[in-house]
Amino acid sequence: AIASRSHHTAPMSATLRDAAIGAFLGSLAVVGAFGLLVLFGLVPEAPWVTMWLHLFGGTGWVLPAVAGGLAFLVLGTLWGLPFAFVNEPSTFKGIVYGIVPTIWAWSGVPLILGTAPMGGLKPLGLAIPIVMNCLIWGSILGWWCHRQIFGGNSGAVYY
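Taken in order, the sequence shown gives residues 1 to 159; the numbers are from the working numbering.
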């Protein structure tokens, strides 16, 4: 007997393209959120400005904001690629996955900048990476990938 091919089950993990788009959208949202934090004086400058100035020097904020911001978007997109291998992605799984760049923000970035790890254990230094990487970036990444597999908000699997 020949098995019927009319019944197709959709893949249960996102493609690299899905993960890249989701991570890029999440990174755009983080850029906007940091813009608001800077605008309202909660942080002195966006982290990509700080990193750009530390690595390349210079004065002013236009070049560091634009070039550093573009680099941030590229790196944020790359951080999302491994999420393509998460089975049955969801908003919740994206939030949990956001701990990966959060750990980098707490440990790797301070090594480069010569600052205290984990935001110096200050409330904003601890909270901002969680909010930006888990709640904003990760939730958008997870939502986008889930949507690409299951479609819309229905959660239905396409056959």
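A virtual CB, placed ideally from N, CA and C, is assigned to each residue, including glycine.
**Study point:** N-terminal and C-terminal residue of the alpha helix (DSSP H) that Trp52 is part of
**Key:** Pro47 to Phe56
Review point. Is the beta carbon of Trp48 less than 9 Å from the beta carbon of Ala71?
Key: yes
Point to revise | Option in Leu25, Ala46 and Ser90 with minimal Cα separation from Gly125 | key: Its Cα nearest to that of Gly125, the residue Ala46 stands out among Leu25, Ala46 and Ser90.
**Study point:** Simplified DSSP assignment, three categories, for Ser90
**Key:** coil
Point to revise | Where Ile2 sits in the DSSP three-state scheme | key: With a pLDDT of only 48 at Ile2, under 50, the local geometry of the prediction cannot be trusted, and the value read off the model is given with reservation. Reduced to three states, the DSSP call for Ile2 is coil.
Exercise for review: Tell me whether Met12 is buried or exposed, calling it buried when 16 or more other Cβ atoms sit within 10 Å of its Cβ.
Suggested key: Answer is exposed; the Cβ neighbour count stays below 16.
Check your understanding: For Met122, is the classification buried or exposed, using 16 other Cβ atoms within 10 angstroms of its Cβ as the cut-off for buried?
Key -> Note on residue identity: the sequence assigns Lys, not Met, to residue 122. Exposed, since its Cβ has fewer than 16 Cβ neighbours within 10 Å.
Practice item. In the DSSP assignment, find the alpha helix (DSSP H) that holds Pro123 and state where it starts and stops. Key: Pro123 to Pro129
Review point. Would a C-beta distance cut-off of 9 Å place Pro129 and Gly119 closer than the cut-off?
Key: Yes, Cβ-Cβ distance for Pro129 and Gly119 is below 9 Å.
Review point. Does the beta-carbon distance from Ala33 to Ala84 come in below 9 Å?
Key: no
Point to revise | Coil, strand or helix - Val157 by DSSP | key: A caution first: Val157 carries a pLDDT of 43, below 50, which makes its placement in the model unreliable, though a value can still be read off. Reduced to three states, the DSSP call for Val157 is coil.
Exercise for review: Take the Cβ of Ile103 as the centre, count every other Cβ of all protein chains shown within 10 Å, and call the residue buried at 16 or more, exposed below.
Suggested key: exposed
Exercise for review: Measure the C-alpha to C-alpha separation of Ile140 and Thr15 and round it to an integer number of angstroms.
Suggested key: If I take the Cα positions, the gap works out to 15 Å.
Exercise for review: Go ahead and label Val30 buried or exposed: buried means 16 or more other beta carbons lie within 10 angstroms of its beta carbon, across all protein chains shown.
Suggested key: buried
Point to revise | Leu53 versus Thr59 - alpha carbon distance | key: Rounded to the nearest whole angstrom, the C-alpha separation of Leu53 and Thr59 is 8 Å.
Review point. Beta-carbon separation of Phe24 and Gly80 under 9 Å?
Key: Closer than 9 Å, so yes.
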